[in-house]
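Quick notes on the structure that follows.
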Ligand SMILES: Cc1cc2nc3c(=O)[nH]c(=O)nc-3n(C[C@H](O)[C@H](O)[C@H](O)COP(=O)(O)O)c2cc1C
């Protein structure tokens, strides 16, 4: 069977922040289980926000040419996606949101050009989400989870698991919680198994 390919997206502006540390652990676990993982650090990319010019309405191709196209192609060619973003004002970081908004070109292709029915029973790829926030409120991740549902749908994915941690603020805070790191590592390992089974089930 072909090697499982996963893209890991670092959505925080902090290179060694809490989500980055957790994502690295998940990547370690996924590699340990035999997956090929490509890492995308959003803060290193040159990516314009969506300018809403709708140049994508003819073919679904975004007219803004920058680092989006490569990231898009990597994500679309993968079996799985691990996306990590901190909570910024109850939603994802600006870096993450820029990437998500640029996928509007695919949303346009899927729903306007190809006229895919909304509840089209398509086999969805599975995604793993990692997020952290400083506070502890019950609704801390509600915004992100809702955004992700629609973002993942656009790229024919659905949420497999969300690792959500409250009460982490300063860089390095997550290191005080070895159980979180272990959980992220194990999730990375388990994710590959799930993707392998999914692949067999869907592709025969
Ligand atoms: C611009 C900004 C907005 C933030 N908004 C929230 C928020 O709405 N709720 C919250 O609990 N934490 C908020 N935080 C705190 C971060 O979620 C927290 O520091 C997190 O650990 C950062 O993750 P990182 O180290 O991976 O970047 C905010 C931080 C920044 C810089």
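Residue numbers (this note's numbering): 1120 to 1323. Every residue, glycine too, gets a C-beta built ideally from N, C-alpha and C. Please read all numbers here as calculations on a predicted model, not as lab measurements.
A distance of 7 Å or more separates the beta carbons of residue 1139 and residue 1152. Judged by DSSP in its simplified three-state form, residue 1236 adopts coil rather than helix or strand. Rounded to whole angstroms, the Cβ separation of residue 1187 and residue 1221 is 5 Å, and the two are in contact under 8 Å. The beta carbons of residue 1286 and residue 1149 sit no closer together than 7 Å. When 1314, 1167 and 1244 are compared, the shortest CA-CA separation from residue 1216 is found for 1167.
Counting only runs of at least 4 residues, the region 1162 to 1202 fully encloses the following alpha helix (DSSP H) elements, listed from N- to C-terminal order: 1187 to 1195. Taking the C-beta atoms as reference points, residue 1205 is found nearer than 7 Å to residue 1251. When secondary structure is reduced to three states using DSSP, residue 1211 falls in the coil class, being assigned neither helix nor strand. Pairing residue 1218 with residue 1310 gives a Cβ-Cβ distance that is not under 7 Å. Remark: three or more beta-carbon pairs, one from each stretch, lie closer than 8 Å, so the region 1166 to 1180 and the region 1224 to 1237 are flagged as touching. Under a 10 Å Cβ-count criterion, residue 1259 is classified as buried, with 16 or more other Cβ atoms of the shown protein chains found around its own Cβ.
The beta carbons of residue 1277 and residue 1133 sit no closer together than 7 Å.
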